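First the structure, in the form of structure tokens, and then the observations on it.
Residue numbers (my numbering): 387 to 812.
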């Protein structure tokens with residue numbers, strides 16, 4: 387196993403939620419010399435300085451100040467997201483029904499629901515409490531398999547194999563976690579203990595369901611990685627690794643990790659928020675310098691892409707079938723679902739050439755709807771030319787996804803070339 391895959395496995399293991407992913411990202415950046423700064427303080431930045439800023443608990447920006455002013459050389463940006471499709475507890479989730487303690491959930495994003503049934507599930511999230519007279523947020527994680535979506539016996543659902551497994555989101559997506567009426571109190575005790583507070587201190591808390599099975603190598607030659615959250619926390623890890631490895635760039639190198647991409651990005655934590663613009667402007671120095679910097683910048687939006695599946699190959703365009711371990715794919719869409727243009731695509735192709743990485747292209751079938759990314763949102767908000775890229779994967783949005791191990795190093799290398807400003811664009 388190569389070192390970056392070991393690091394990725396650890397990163398995925400530590401990221402059951404977007405907030406935990408940011409925690410893991412901050413820890414990684416801190417170990418590599420990035421100083422934490424805050425949105426409510428004055429920024430005084432020096433050439434070559436490494437900084438990071440966290441906003442709204444699950445969004446972060448990290449950057450290396452370029453040797454030359456941003457107004458003269460622009461920004462080299464990477465944007466990824468920290469969230470993943472799944473299930474979140476309802477505000478009042480508990481119900482005792484048919485002799486069992488259950489929790490109701492809401493669907494977050496577009497998970498493949500059937501893959502979550504009959505799996506060992508834990509619970510992670512955030513707790514709000516008062517500490518030293520201030521409203522504070524703490525994170526918790528219950529690693530033991532306390533939750534389960536049990537499926538009905540085939541005898542009660544005879545057509546499941548023929549028509550596909552279906553579950554009503556309101557009535558049948560119920561997490562079973564006990565059989566006593568005081569089980570919910572016991573669960574809250576576990577939440578409090580994990581957060582390091584007493585249960586009486588809890589004002590409110592959120593909960594996300596996650597698969598407790600750890601990431602693992604897969605395949606006869608162990609050339610595949612299987613894990614929850616590969617989409618898109620693998621891109622997040624690649625961006626961080628590239629930033630850490632980048633060698634004192636002339637241009638300012640910036641990585642943005644956004645939340646809520648899976649539900650459209652239109653939140654205080656998402657790419658549609660003013661966070662990206664505010665960070666770039668403050669790094670630039672003045673509004674005038676910010677406008678000049680944007681005109682000389684380029685952004686790589688990194689989000690995983692569908693690899694061709696041997697059993698569903700006809701779902702892909704005959705002219706575009708990205709494969710595992712054959713390099714990152716550039717994502718194109720005439721309808722604007724992706725931000726790539728011929729020019730920004732050419733830019734990434736040159737990055738891949740310098741990185742000695744293979745590269746592929748992806749476009750949806752002409753008679754199928756394309757997916758979306760934060761790329762067009764960020765491009766629209768800043769006016770910065772953007773290319774959408776991603777490593778191919780199978781089982782996208784499943785409880786347990788699958789990717790190629792070789793692709794991760796190639797993506798890091800391409801991103802590193804980009805962040806170092808190795809290719810002149812003006």
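Think of the CB as a built atom: it goes at the ideal place given N, C-alpha and C, for glycine as much as any other residue.
Fair warning: this is a prediction, and the values are worked out from it, not measured in the lab.
Using a threshold of 7 Å, state whether the C-beta atoms of residue i and residue j are closer than that.
i	j	result
residue 761	residue 680	no
residue 788	residue 612	yes
residue 690	residue 737	no
residue 551	residue 500	yes
residue 566	residue 782	no
residue 785	residue 597	yes
residue 429	residue 668	yes
residue 807	residue 637	yes
residue 728	residue 710	no
residue 714	residue 686	no
residue 682	residue 434	no
residue 803	residue 735	no
residue 441	residue 661	yes
residue 513	residue 397	no
Tell me, to the nearest whole angstrom, how far the beta carbon of residue i is from that of residue j; I am working on the premise that it is less than 8 Å.
i	j	result
residue 619	residue 772	About 21 Å; that fails the 8 Å criterion.
residue 632	residue 805	4 Å
residue 702	residue 664	About 39 Å separates the two Cβ atoms, so there is no contact after all.
residue 776	residue 639	The pair is not a contact, with the Cβ atoms about 20 Å apart (cut-off 8 Å).
residue 811	residue 684	6 Å
residue 525	residue 581	7 Å
residue 666	residue 595	Wrong, their Cβ atoms sit about 35 Å apart, outside the cutoff.
residue 774	residue 726	5 Å
residue 457	residue 659	Contact doesn't hold; Cβ gap of about 24 Å is too wide.
residue 583	residue 515	5 Å
Exposed or buried, residue i, counting other C-beta atoms within 10 Å across all chains shown (16 or more means buried)?
i	result
residue 392	exposed
residue 540	exposed
residue 672	exposed
residue 394	buried
residue 593	buried
residue 520	exposed
residue 578	buried
residue 511	buried
residue 589	exposed
residue 707	buried
residue 575	exposed
residue 779	buried
residue 573	buried
residue 423	buried
residue 477	exposed
residue 763	buried
residue 651	buried
residue 475	buried
residue 754	exposed
residue 628	buried
Near residue i, what residues of its chain come up, given a Cβ to Cβ distance below 8 Å and the 5 sequence neighbours on each side ignored?
i	result
residue 697	none
residue 531	506, 507, 508, 598
residue 635	450, 452, 453, 462, 805, 806, 807
residue 630	414, 415, 418
residue 495	469, 470, 471, 472, 648, 649, 783
residue 730	684, 771, 772, 773
residue 547	540
residue 421	435, 436, 437, 438
Give me, in chain order, the residues of the same chain whose beta-carbon lies closer than 7 Å to that of residue i; leave out the 5 immediate sequence neighbours on both sides.
i	result
residue 414	626
residue 481	488, 490
residue 569	487, 563
residue 529	508, 598
residue 747	706, 715, 716, 718
residue 721	756
residue 485	565
residue 555	493
Leaving out the 5 sequence neighbours to the left and right, which residues in its chain are closer than 6 Å to residue i when beta-carbon positions are compared?
i	result
residue 503	535, 537
residue 600	399
residue 723	756, 758
residue 791	391, 609, 611
residue 749	703, 706, 718
residue 795	390
residue 765	725, 772
residue 587	515
Per the contact definition of three or more C-beta pairs closer than 8 Å, is the stretch 441–452 in contact with the stretch 645–658? yes
Pairs of beta-carbons, one from the stretch 464–483 and one from the stretch 630–644, closer than 8 Å: are there three or more? yes
Do the stretch 468–478 and the stretch 399–415 touch if we need at least three Cβ pairs shorter than 8 Å? yes
Any contact between the stretch 553–571 and the stretch 488–507? By contact I mean 3 or more CB pairs, one from each, below 8 Å. yes
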